[in-house]
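From first to last, the protein sequence lines stand for chains A and B. Numbered by the working numbering, the letters in the first sequence go through residues 290 to 725 in order. Numbered by the working numbering, the letters in the second sequence go through residues 72 to 647 in order. C-beta: ideal position from N, C-alpha, C; glycine also. Predicted model only: the values in this text are computed from it and were never measured.
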Amino acid sequence: MNTPIVELKSVGKSFRSADGTARSVLEGVDFSLKEGEIVALLGQSGSGKSTMLRIMAGLIAADHGQVLYRGLPLYGPAQAISMVFQSFALFPWLTVQKNIELGLEAKGMPPEDRVQRVAAAIELIGLSGFEGALPRELSGGMRQRVGIARALVLEPEVLLMDEAFSALDVLTGERLREEILELWQTKQLPTKAILVVSHNIEEAVMMADRVLIFASDPGRVRDELPVTLSRPREVESSEVRGLIDNVYGLMTAGAMRPGRVSEKEVKLQLGDRLPEADIARMDGILEMLADDPFQGRADLPELAEKTELTDQELLSVSRALTLMGFAHLDHGDIIMNPLGAKYVQANVPERQEIFGRQLLENVPLVAYIHHGLKQDPSGDLHEDLFLRLLRFTLNEDDARSALRIAIEWGRYGDLFEYNYTTGIIQMARKEEVAAE
Amino acid sequence: MTQRKQFFPRQVIEAGGNRWDWVMLPMVLAIFVLLAYGAQQMGRPYQLGETLPLSLDPLYLPYYLLRTTLRMFIALGASIVFSCVFAALATKYRAAEKVLVPLLDILQSIPILGFLSITVTAFIALFPGNLLGVECAAIFAIFTSQAWNMAFSAYQGFRSVPAELTEAAMVFQLSPWQRFWRLELPFAMPGLLWNMMMSMSGGWFFVVASEAISVSNQNIKLPGIGSYIALAIEQRDLMAIGWAIGAMLIGVMLYDQLFFRPLLAWADKFRFEESTSETAQTSWLLNWLRRTERMQGMVLSFGKLLERSFSFFRLRFDGTSVRARPLPHSSTPERIWDAVVAAVVFYALWTLIHFIHAEVGWHEVGRVFVLGCYTLFRVIILIFLAALIWIPIGVKIGMNPRLASRAQAIIQFLAAFPANLMFPVAVLLIVRFGLNPDIWLSPLMILGTQWYLLFNVIAGASTVPTELRYAAQNLGLSGWLKWRRYLLPAIFPSFVTGAITASGGSWNASIVAEYVTWGNTTLQAHGIGSYIAEKTAIGDFPRIALGIGVMCLFVMGMNHFVWRRLYRMAEDRLHF
Numbered sequence: 290m291n292t293p294i295v296e297l298k299s300v301g302k303s304f305r306s307a308d309g310t311a312r313s314v315l316e317g318v319d320f321s322l323k324e325g326e327i328v329a330l331l332g333q334s335g336s337g338k339s340t341m342l343r344i345m346a347g348l349i350a351a352d353h354g355q356v357l358y359r360g361l362p363l364y365g366p367a368q369a370i371s372m373v374f375q376s377f378a379l380f381p382w383l384t385v386q387k388n389i390e391l392g393l394e395a396k397g398m399p400p401e402d403r404v405q406r407v408a409a410a411i412e413l414i415g416l417s418g419f420e421g422a423l424p425r426e427l428s429g430g431m432r433q434r435v436g437i438a439r440a441l442v443l444e445p446e447v448l449l450m451d452e453a454f455s456a457l458d459v460l461t462g463e464r465l466r467e468e469i470l471e472l473w474q475t476k477q478l479p480t481k482a483i484l485v486v487s488h489n490i491e492e493a494v495m496m497a498d499r500v501l502i503f504a505s506d507p508g509r510v511r512d513e514l515p516v517t518l519s520r521p522r523e524v525e526s527s528e529v530r531g532l533i534d535n536v537y538g539l540m541t542a543g544a545m546r547p548g549r550v551s552e553k554e555v556k557l558q559l560g561d562r563l564p565e566a567d568i569a570r571m572d573g574i575l576e577m578l579a580d581d582p583f584q585g586r587a588d589l590p591e592l593a594e595k596t597e598l599t600d601q602e603l604l605s606v607s608r609a610l611t612l613m614g615f616a617h618l619d620h621g622d623i624i625m626n627p628l629g630a631k632y633v634q635a636n637v638p639e640r641q642e643i644f645g646r647q648l649l650e651n652v653p654l655v656a657y658i659h660h661g662l663k664q665d666p667s668g669d670l671h672e673d674l675f676l677r678l679l680r681f682t683l684n685e686d687d688a689r690s691a692l693r694i695a696i697e698w699g700r701y702g703d704l705f706e707y708n709y710t711t712g713i714i715q716m717a718r719k720e721e722v723a724a725e
Numbered sequence: 072m073t074q075r076k077q078f079f080p081r082q083v084i085e086a087g088g089n090r091w092d093w094v095m096l097p098m099v100l101a102i103f104v105l106l107a108y109g110a111q112q113m114g115r116p117y118q119l120g121e122t123l124p125l126s127l128d129p130l131y132l133p134y135y136l137l138r139t140t141l142r143m144f145i146a147l148g149a150s151i152v153f154s155c156v157f158a159a160l161a162t163k164y165r166a167a168e169k170v171l172v173p174l175l176d177i178l179q180s181i182p183i184l185g186f187l188s189i190t191v192t193a194f195i196a197l198f199p200g201n202l203l204g205v206e207c208a209a210i211f212a213i214f215t216s217q218a219w220n221m222a223f224s225a226y227q228g229f230r231s232v233p234a235e236l237t238e239a240a241m242v243f244q245l246s247p248w249q250r251f252w253r254l255e256l257p258f259a260m261p262g263l264l265w266n267m268m269m270s271m272s273g274g275w276f277f278v279v280a281s282e283a284i285s286v287s288n289q290n291i292k293l294p295g296i297g298s299y300i301a302l303a304i305e306q307r308d309l310m311a312i313g314w315a316i317g318a319m320l321i322g323v324m325l326y327d328q329l330f331f332r333p334l335l336a337w338a339d340k341f342r343f344e345e346s347t348s349e350t351a352q353t354s355w356l357l358n359w360l361r362r363t364e365r366m367q368g369m370v371l372s373f374g375k376l377l378e379r380s381f382s383f384f385r386l387r388f389d390g391t392s393v394r395a396r397p398l399p400h401s402s403t404p405e406r407i408w409d410a411v412v413a414a415v416v417f418y419a420l421w422t423l424i425h426f427i428h429a430e431v432g433w434h435e436v437g438r439v440f441v442l443g444c445y446t447l448f449r450v451i452i453l454i455f456l457a458a459l460i461w462i463p464i465g466v467k468i469g470m471n472p473r474l475a476s477r478a479q480a481i482i483q484f485l486a487a488f489p490a491n492l493m494f495p496v497a498v499l500l501i502v503r504f505g506l507n508p509d510i511w512l513s514p515l516m517i518l519g520t521q522w523y524l525l526f527n528v529i530a531g532a533s534t535v536p537t538e539l540r541y542a543a544q545n546l547g548l549s550g551w552l553k554w555r556r557y558l559l560p561a562i563f564p565s566f567v568t569g570a571i572t573a574s575g576g577s578w579n580a581s582i583v584a585e586y587v588t589w590g591n592t593t594l595q596a597h598g599i600g601s602y603i604a605e606k607t608a609i610g611d612f613p614r615i616a617l618g619i620g621v622m623c624l625f626v627m628g629m630n631h632f633v634w635r636r637l638y639r640m641a642e643d644r645l646h647f
């Protein structure tokens with residue numbers, strides 16, 4: 290029962306950033322996936338959980354450490370490890386039948402045997418009648434069923450699911466998840482272990498025997514939470530609710546800086562990534578917090594339900610709010626600060642002013658841009674200057690998104706202006722007048 | 072299949088084919104017979120210097136049409152194979168990509184006539200005493216007018232396969248052979264097909280030059296529409312030109328209906344967008360074929376054969392095998408390869424400089440550059456004028472969906488129509504009114520390629536989101552403001568795409584358009600095109616090479632410094 294199938298031993302992975310320096314995305318991960326268990330990986334975006342999944346799938350090679358399959362080294366994709374993709378990754382020009390056959394055909398299995406195996410898988414996953422359809426004729430839920438059948442027909446020992454339900458609407462995703470769990474529970478799946486990457490906390494708690502929580506920069510396993518509840522689990526039961534709360538607490542703990550487990554807000558560094566949160570969403574959450582029924586304090590899972598934001602989005606917004614000093618986190622609850630209350634009361638120009646002030650104080654990147662503009666005689670700088678700086682600590686995408694967020698916030702805080710076409714950041718006109 | 076047999080009487084199943092099979096049978100047989108006949112005629116014995124019989128009698132035209140079409144399809148087949156091999160190599164091997172992509176960039180800016188003048192002797196020597204050598208030279212010339220854009224489109228397609236699909240192919244253990252047929256080629260198919268159609272049209276334009284080979288003191292006219300036209304021009308027979316135009320129209324229509332339409336309709340399943348919203352192409356022929364039983368069975372059995380090859384060329388080991396163990400990364404081979412490439416490039420440059428110094432002299436180089444500037448000036452003015460005319464018209468048509476779908480078919484047809492057939496008319500007019508050839512020959516350059524401009528503008532205008540249209544109406548935008556703020560930015564990306572094709576085509580056409588003959592009247596404009604054409608006529612190899620080289624530089628320079636930048640700008644900022 291407890292034989293490990295895939296093991297990672299102090300696995301690390303780094304990517305070369307634009308200037309040629311290695312940037313670590315995964316560090317010192319020890320993990321083993323054992324027979325008979327479902328494990329869920331949770332974490333913020335960029336925490337390396339997807340990278341870890343791909344290392345286990347043999348899609349990318351680890352730079353450090355060892356990857357073992359049944360105790361022997363794994364160098365590339367293995368037949369016994371199969372995968373379900375977030376965007377389904379179906380071949381649009383092949384029918385459902387041919388898509389599911391793909392892996393068997395690649396193996397060189399004779400057509401008669403293939404047809405039999407596919408028929409069985411189609412039956413199991415509930416796709417009967419759709420054999421001849423092209424993927425584009427199917428709804429999202431049906432497409433993902435094809436993706437799952439395609440993986441299961443190979444009778445893999447390990448099934449990897451890369452956010453398999455996140456591209457589906459909530460209802461469809463939940464139903465599909467329930468069905469998979471039922472098949473697992475009744476031992477109808479050929480699979481011996483499942484690894485699920487998710488950013489939905491409820492999904493992780495409902496499915497897994499173990500939840501691994503990832504920290505970012507560099508990505509590593511921060512916490513491991515065993516879930517011993519018997520299946521089927523009830524979403525509304527107090528045990529599940531408690532666990533979800535617990536996970537929220539663990540995930541928000543020390544979200545700002547790596548290596549520290551505390552809910553205290555920690556100063557951000559210049560080269561850090563910024564939480565993906567737009568202004569309207571921050572405003573909305575603050576207003577909701579100030580109002581009934583929350584009155585300044587809200588349970589994050591409850592807030593997620595109320596706002597219909599995904600966990601990922603909600604966590605980003607709450608990180609942004611703590612960062613700005615409008616709120617703070619405590620055991621999975623978000624609590625509004627006096628400044629946040631003042632902000633909610635204020636009118637739009639006042640809000641912008643408060644926002645701008647908080648930015649200069651708490652977001653070094655914005656402060657640095659502002660400082661640079663003030664010093665520069667022409668009062669404008671090209672965005673590439675800052676991008677180059679960010680590339681030292683972040684990869685290309687993260688650097689771009691950090692700068693984009695800084696610019697968006699800075700514009701709202703009336704600190705500077707930005708020309709999209711030329712890529713030039715300019716001192717805000719109001720300040721120019723004041724300076725003169 | 073086995074289930075169905077239980078419900079039908081035995082005779083019906085076993086009798087073979089249904090009525091659709093019987094309808095299609097004569098057609099298929101006729102095509103086979105024609106192909107066999109045409110192929111047989113291509114391999115006739117032939118001695119150099121012998122003149123092939125050629126007649127201006129319109130009765131011979133169907134035969135000539137068959138020969139020309141056969142050549143074009145052989146060239147198209149070669150182009151497809153070339154494109155696939157090129158794309159597969161360039162995407163699989165980094166080292167190959169480094170050489171192949173710039174090489175293709177150079178090749179595609181070499182004027183087509185240039186290839187012909189250099190390769191014809193070699194091809195004739197390849198098959199002594201047989202017509203096949205000359206045929207090969209002609210086919211090769213057509214190939215060079217078709218292959219490059221197809222190869223680029225295949226390469227782009229192969230490279231832009233979505234990451235998740237590639238990962239899925241790896242997870243499911245597809246071998247390179249399986250991946251090529253199951254993933255890469257299907258993904259590149261729509262772009263490749265579209266470029267095939269453009270290539271076919273491009274091929275017609277050079278059919279005269281490639282069939283009536285009059286380079287390096289050879290004067291061979293292969294039986295075909297191109298030679299027919301060449302002969303008609305020599306004999307100043309306007310009537311024959313008219314017949315040729317007619318035959319060509321029929322030819323274009325036939326292969327459009329019998330080849331491209333069914334292919335397009337069939338390839339509809341390769342569209343990657345997951346929605347079905349776009350109106351699908353339909354083809355009566357494909358519908359027929361799909362109703363037949365035996366014929367479809369025969370075609371499908373080819374597919375079966377391919378699938379059988381999959382199990383032969385499969386991966387023999389997976390990631391757990393020691394054979395999958397990655398070799399320690401070493402950059403030495405890569406460095407050596409880079410050094411070799413650099414050495415070859417330097418050697419080529421050195422030879423070139425030496426050659427120019429010894430054979431033609433630097434003064435000549437300067438002169439050719441000045442001529443190149445004339446042609447450049449012409450191309451720019453013409454694109455500008457064409458834009459001025461076609462943008463308003465294209466926008467009008469594109470904004471009206473019903474008009475647009477009808478107009479697209481007509482314009483596609485016009486693009487396929489070889490504009491050089493109009494040249495004799497231009498010569499007559501210029502001579503008649505004593506016009507300046509430097510000015511009045513220029514419009515001929517863009518005659519054939521302007522359609523790409525119009526075509527793309529229509530496509531761009533028809534994709535302007537409806538909300539944007541309403542918003543513009545609502546704001547009461549009108550006059551110049553409407554163009555500057557709304558319409559021009561909206562169609563800019565597609566305009567650039569069209570202009571790239573049009574400008575490339577114009578350079579190529581300048582060789583034909585700046586040097587026009589009608590019987591023994593020869594009109595010549597100053598420019599690099601006429602320089603190349605003139606030197607080709609007298610077979611002056613060093614100067615042909617010089618002209619081609621300089622034109623290459625101009626085209627590549629324009630691509631790099633103008634079009635690519637505009638294109639990137641359009642991609643980055645101006646799209647919906």
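Rounded to whole angstroms, how far is the Cβ of isoleucine 370 of chain A from the Cβ of valine 447 of chain A, which I believe are closer than 8 Å?
That belief holds up - the Cβ atoms of isoleucine 370 of chain A and valine 447 of chain A are roughly 5 Å apart, short of 8 Å.
Given alanine 351 of chain A, which residues of its chain have a CB within under 7 Å of its CB, disregarding the five upstream and five downstream residues?
Same-chain partners within the cutoff: Val300, Gly301, Lys302 and Ile344.
Could you work out which residues of chain B lie near methionine 372 of chain A, taking near to mean beta carbons separated by less than 8 Å?
Chain B residues near methionine 372 of chain A: Glu238, Ala239 and Val242.
According to DSSP, lysine 169 of chain B sits in a beta bridge with which residue or residues?
Per DSSP, none; premise fails for lysine 169 of chain B.
Suppose you measure from the CA of serine 272 of chain B to the CA of alanine 486 of chain B; what does that come to, to the nearest Å?
Spanning the two alpha carbons is a distance of roughly 6 Å.
Hey, does phenylalanine 229 of chain B have any beta-carbon neighbour from chain A nearer than 7 Å?
By this cut-off, phenylalanine 229 of chain B is not an interface position.
Taking 7 Å as the threshold (beta carbon to beta carbon), is phenylalanine 343 of chain B in contact with chain A?
It does: the Cβ of phenylalanine 343 of chain B has a partner Cβ on chain A nearer than 7 Å.
Just the C-alpha distance for leucine 612 of chain A and alanine 656 of chain A, rounded to the nearest angstrom, thanks.
About 14 Å.
I need the DSSP call for glutamate 721 of chain A, collapsed to helix, strand or coil.
Unreliable placement is indicated for glutamate 721 of chain A, whose pLDDT of 47 sits below 50; the coordinate value is still reported in the next sentence. The answer is helix: DSSP assigns glutamate 721 of chain A an H, G or I state.
Could you tell me the distance, in whole angstroms, from the CA atom of methionine 268 of chain B to the CA atom of phenylalanine 223 of chain B?
So the two alpha carbons sit approximately 14 Å from each other.
Helix, strand or coil for threonine 682 of chain A, going by three-state DSSP, please let me know.
Residue state, collapsed to three classes: coil.
Scan the stretch 550–594 of chain B and note each continuous alpha helix (DSSP H) run of 4 residues or more that stays entirely inside, going in chain order.
The stretch 550–594 of chain B contains these whole alpha helix (DSSP H) runs: 550–553 and 559–584.
Spell out the partners DSSP gives phenylalanine 705 of chain A in its beta bridges.
A/Met716.
What residues from chain B crowd round phenylalanine 304 of chain A, counting only those whose CB sits closer than 7 Å?
Residues of chain B passing the Cβ test: none, with the nearest at roughly 14 Å.
Using only CA atoms, which one of B/Pro257, B/Thr607, B/Asn220 and B/Phe488 lies nearest to asparagine 266 of chain B?
Ranking B/Pro257, B/Thr607, B/Asn220 and B/Phe488 by Cα distance to asparagine 266 of chain B puts B/Asn220 first.
With a cut-off of 8 Å on the beta carbons, I'd call valine 697 of chain B and glycine 618 of chain B a contact; round off their distance for me.
Since the first residue shown for chain B is 72 and the last is 647, residue 697 of chain B is missing from the structure and cannot be characterised.
Determine the contact status of serine 565 of chain B and asparagine 591 of chain B, defining contact as a CB-CB distance below 7 Å.
No, these two residues do not count as a Cβ contact at 7 Å.
With distances taken Cα to Cα, identify the nearest neighbour of isoleucine 321 of chain B among B/Leu398, B/Phe426 and B/Leu137.
If we check each option's Cα against that of isoleucine 321 of chain B, B/Leu137 comes out closest.
Say whether chain A places a C-beta atom closer than 7 Å to the C-beta of glutamine 74 of chain B.
Since pLDDT at glutamine 74 of chain B reaches only 45, below the 50 mark, its modelled position is unreliable, and the value read off the structure follows with that caveat. It does not; no Cβ of chain A falls within 7 Å.
Measure the alpha-carbon distance for phenylalanine 583 of chain A versus proline 590 of chain A and round it to whole angstroms.
In a straight line, the C-alpha of phenylalanine 583 of chain A is about 13 Å away from that of proline 590 of chain A.
Apply the 10 Å Cβ neighbour rule to threonine 541 of chain A and answer buried if 16 or more other Cβ atoms are within range, or exposed otherwise.
Buried: at least 16 other Cβ atoms inside 10 Å.
Have a look at A/Asn708, A/Arg439, A/Met450 and A/Arg434 and flag the residue whose alpha-carbon is nearest the alpha-carbon of threonine 461 of chain A.
Checked all of A/Asn708, A/Arg439, A/Met450 and A/Arg434; the closest Cα to threonine 461 of chain A is A/Arg434.
Using CA coordinates, which residue listed in B/Leu335, B/Leu245 and B/Arg361 is at the minimum distance from threonine 353 of chain B?
Measuring from the Cα of threonine 353 of chain B, the nearest candidate turns out to be B/Leu335.
Is glutamine 368 of chain A helix, strand or coil when you go by DSSP?
Coil at glutamine 368 of chain A, not helix or strand.
When the Cα of leucine 263 of chain A is compared with those of A/Pro638, A/Phe644 and A/Leu598, which residue comes out closest?
No answer is possible for residue 263 of chain A: the residues shown for chain A start at 290 and end at 725.
Can you give me the start and stop residues for the alpha helix (DSSP H) that alanine 346 of chain A sits inside?
Note, alanine 346 of chain A: premise wrong, no alpha helix (DSSP H); not H, not E.
Would you kindly check if the distance between the Cβ of glycine 347 of chain A and the Cβ of alanine 378 of chain A is under 7 Å?
For alanine 378 of chain A and glycine 347 of chain A, no; Cβs fall outside 7 Å.
To which residues of the same chain is arginine 332 of chain B closer than 6 Å at the C-beta, ignoring the five residues directly before and after it?
These residues qualify, in order along the chain: Ser354.
Helix, strand or coil: which one does DSSP assign to proline 515 of chain A?
Residue state, collapsed to three classes: strand.
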